[in-house]
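Just below is one structure, and these are the notes that go with it.
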Amino acid sequence: MHIAKKSLALILCLLFVIALTAGCGGKTEPAKPAAAPAADKPLKVGVTPGPHAQIMEVVKKVAEKDGLKIQIVEFSDYVQPNVALNQGDIDINSFQHLPFLENMVKDRKYDLVMLAKTFTFPMGIYSKKIKNIKDLKDGAVIAMPNDPTNGGRALLLFEKAGLIKLKPGLGHKASVVDIVDNPRKFKIRELEAAQIPRTLEDMEIAAINTNYAMSAGLVPAKDALILEDSSSPYANILAVRGKDKDNPVYKKFLKAYQSEEVKKFVTEQFKGSVIVAW
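Those letters in the sequence shown? Residues -9 to 268, by my numbering.
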């Protein structure tokens, strides 16, 4: 009787194990498909609104002919495209010049590098109130970008216009504290670059980046009181993570970007306001 009880217990235990195993097998989720190879995924490219986005739409069409898919991601400021690139949320960005990238890399320790030059987007001085820089009144309120490199760039443009004098040798690293002479007592307002076109009505003049100027309906070659010339060192670039610089997929993207189709579009669309830099 004791042996029979043991045998019955053993049988019940085996049946329970079999049932449990079958139950687990019945609920097994189907294996998820492996991630698509990098070459089959759309390349995510970050841009800012305006000409950068317009140009990228053309690049996208050219790249598709070569079998490369591109997903365009727009950002509304100059900070997030590099944050997203560093975090791996996008693969490439196209919105900045090299001094801006180098400044952010230094400050935030990002491993981001230049893939290639694209176009020069000359910064200009604009106004809704005057037609000539000589008509600017003493004590006028003037606006400039508040980020380090574009701020320095604006100050150099103000100096070129004869409005202020800066400490020598600083280049784009100059800031408002480096103004050594402001004899006409101009009031300088530092604002986020994207906001400046919206505040132009309230300013006598403002230094505006070309992409934001064009998004606001301004034509740099026609509307700027003063415009950076072709010797400007601020050519825009394509930026990537350091480990991806030699990725063949990115080389294919670069080929599409620097194609004759893109160059022709820029020449016809922007009529001298955007200059080829490669």
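The beta-carbon is built from N, C-alpha and C at its ideal position, and this holds for glycine as well.
Do residue i and residue j have their CB atoms nearer than 7 Å?
i: Pro39; j: Glu64; result: yes
i: Met193; j: Val131; result: yes
i: Val266; j: Val49; result: no
i: Ala197; j: Met134; result: yes
Compare the Cα-Cα distances from residue i to each of the options and report the closest residue.
i: Lys212; options: Phe85, Pro112 and Asn83; result: Pro112
i: Tyr240; options: Val48, Ala53, Ala43 and Glu47; result: Ala53
i: Ile120; options: Thr257, His42 and Glu191; result: Glu191
i: Lys177; options: Gly129, Ala184, Gln259 and Val230; result: Gly129
i: Lys127; options: Val209, Pro210 and Pro173; result: Pro173
i: Gln248; options: Gly78, Lys96, Lys107 and Phe85; result: Lys107
i: Lys124; options: Ala151, Pro210, Tyr224 and Asp137; result: Ala151
i: Asp67; options: His162, Asn140 and Ala225; result: Asn140
i: Glu92; options: His162, Leu208 and Val209; result: His162
i: Ile208; options: Lys254, Pro41 and Ile80; result: With the sequence shown as reference, residue 208 is identified as Leu, and Ile is not the correct amino acid for it. If we check each option's Cα against that of Leu208, Pro41 comes out closest.
Let me know if residue i comes out buried or exposed under the rule of 16 or more other beta-carbons within 10 Å of its beta-carbon.
i: Leu146; result: buried
i: Ile1; result: Summary for Ile1: the model assigns pLDDT 45, below 50, so the residue's position carries little reliability; its value from the coordinates is reported in the next sentence. Exposed, by the Cβ-count rule.
i: Glu218; result: buried
i: Val7; result: With a pLDDT of 40 at Val7, under the threshold of 50, the predicted position of this residue should be treated as unreliable, though the coordinate-derived value follows. Result: exposed.
i: Asp171; result: exposed
i: Asn199; result: buried
i: Asn122; result: exposed
i: Pro158; result: exposed
i: Leu228; result: buried
i: Gln86; result: buried
i: Pro238; result: exposed
i: Asp101; result: exposed
i: Ser84; result: buried
i: Asp137; result: buried
i: Leu160; result: exposed
Could you give the distance in angstroms between the alpha-carbon of residue i and the alpha-carbon of residue j?
i: Glu182; j: Asp234; result: 31 Å
i: Gly142; j: Val103; result: 22 Å
i: Val166; j: Lys51; result: 43 Å
i: Leu215; j: Tyr202; result: 16 Å
i: Ala246; j: Asp56; result: 8 Å
i: Glu258; j: Arg98; result: 38 Å
i: Ser222; j: Lys59; result: 33 Å
i: Phe243; j: Phe148; result: 37 Å
i: Arg188; j: Arg179; result: 14 Å
i: Ala184; j: Leu105; result: 25 Å
i: Pro71; j: Asp236; result: 21 Å
i: Ile186; j: Phe260; result: 21 Å
i: Gly232; j: Val73; result: 14 Å
i: Lys175; j: Lys96; result: 34 Å
i: Tyr224; j: Asp30; result: 34 Å
i: Trp268; j: Ala43; result: 19 Å
i: Gln315; j: Met204; result: Residue coverage of the chain in this structure runs from -9 to 268, which leaves residue 315 outside it and unanswerable.
i: Lys254; j: Pro210; result: 19 Å
i: Ala144; j: Leu88; result: 16 Å
i: Met94; j: Asp79; result: 17 Å
i: Lys34; j: Gly262; result: 29 Å
i: Val69; j: Ala164; result: 20 Å
i: Glu250; j: Asn226; result: 18 Å
I believe residue i touches residue j by the beta-carbon criterion, under 8 Å. Please report the beta-carbon distance rounded to the nearest angstrom.
i: Gly114; j: Leu75; result: About 27 Å separates the two Cβ atoms, so there is no contact after all.
i: Val256; j: Ile82; result: With a Cβ gap of about 18 Å, Val256 and Ile82 do not count as contacting.
i: Val264; j: Phe109; result: 5 Å
i: Leu156; j: Asp168; result: 5 Å
i: Ser117; j: Ile195; result: 5 Å
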